Amino acid sequence: RGKAFHNEMPGDRPVSTVFQSDNLFDHLTCARNVSIGITGTSVSQQRLDAAFAELGIDGLQTRLPGHISGGQQQRVTLARALLRDQPVLLLDESFSALDWDMRTGCFDALKALCGARGMSVLLVSHDNRDADYLGCKVMRLD
933 RGKAFHNEMP GDRPVSTVFQ SDNLFDHLTC ARNVSIGITG TSVSQQRLDA AFAELGIDGL
993 QTRLPGHISG GQQQRVTLAR ALLRDQPVLL LDESFSALDW DMRTGCFDAL KALCGARGMS
1053 VLLVSHDNRD ADYLGCKVMR LD
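Following our numbering, the numbering of the sequence shown begins with 933 at its first residue and continues without gaps.
The structure is reproduced here in structure tokens:
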């Protein structure tokens, strides 16, 4: 059986969330945007660089969010969520603003990384192709 976390403070719950908007700070580098979301621990440069490489955004660490594409911004946000090392990842329309090619690239990275880490993923989407592409169990709410 699972454990209830409703009495826990939001920051103490074992969940990371990625929303539709990237929620990056425009005045901070991509690397700082990723590390600022991880409280209570220090992220080594090696782990940070590895996350950027795994998500196909290596080389963007020193760039500002306004100078990279929307797909790259979403991957930076995803890196922040993944580096929190929580067992549950919630994706709320996280990739809906991306074109299909960019979206499937994000999904491929997501499947590989979450699978390797044993993470459970809950994806909210209005596009049935997302669930079909990910090959996951689907619950439709009307």
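From the three backbone atoms N, C-alpha and C, an ideal C-beta is built for every residue, glycine too.
Predicted model only: the values in this text are computed from it and were never measured.
query	result
Going residue by residue through the region 997-1063, where are the continuous beta strand (DSSP E) segments of at least 3 residues, counting only ones entirely within it?	1020-1024, 1052-1056
For the region 999-1012 and the region 1049-1066, state whether three or more C-beta atom pairs, one from each stretch, are separated by less than 8 Å.	no
By DSSP's criteria, S953 is part of a beta bridge. Which residues make up the other side?	Note: S953 sits in no beta bridge, so no partner.
Take A1063 and list the residues in its own chain whose beta-carbon comes closer than 8 Å to its own, dropping the five residues that flank it on each side.	L1055, S1057, V1070
If distances are taken between C-alpha atoms only, which option among T1036, L996, R1007, Q977 comes closest to I989?	R1007
Compare the Cα-Cα distances from D981 to each of L996, I968, A963 and report the closest residue.	A963
What separation, rounded to the nearest whole angstrom, lies between the Cα atoms of F957 and G1067?	33 Å
Who does S948 pair with in a DSSP beta bridge?	L1021
Do A1013 and V1053 have their C-beta atoms within less than 8 Å of each other?	no
Taking the alpha-carbon of V1106 as reference, which of D944, D1017, G934 has the nearest alpha-carbon?	Outside the shown range of the chain (933 to 1074) lies residue 1106, about which nothing can therefore be said.
What is the DSSP secondary structure of F937, counted as helix, strand or coil?	coil
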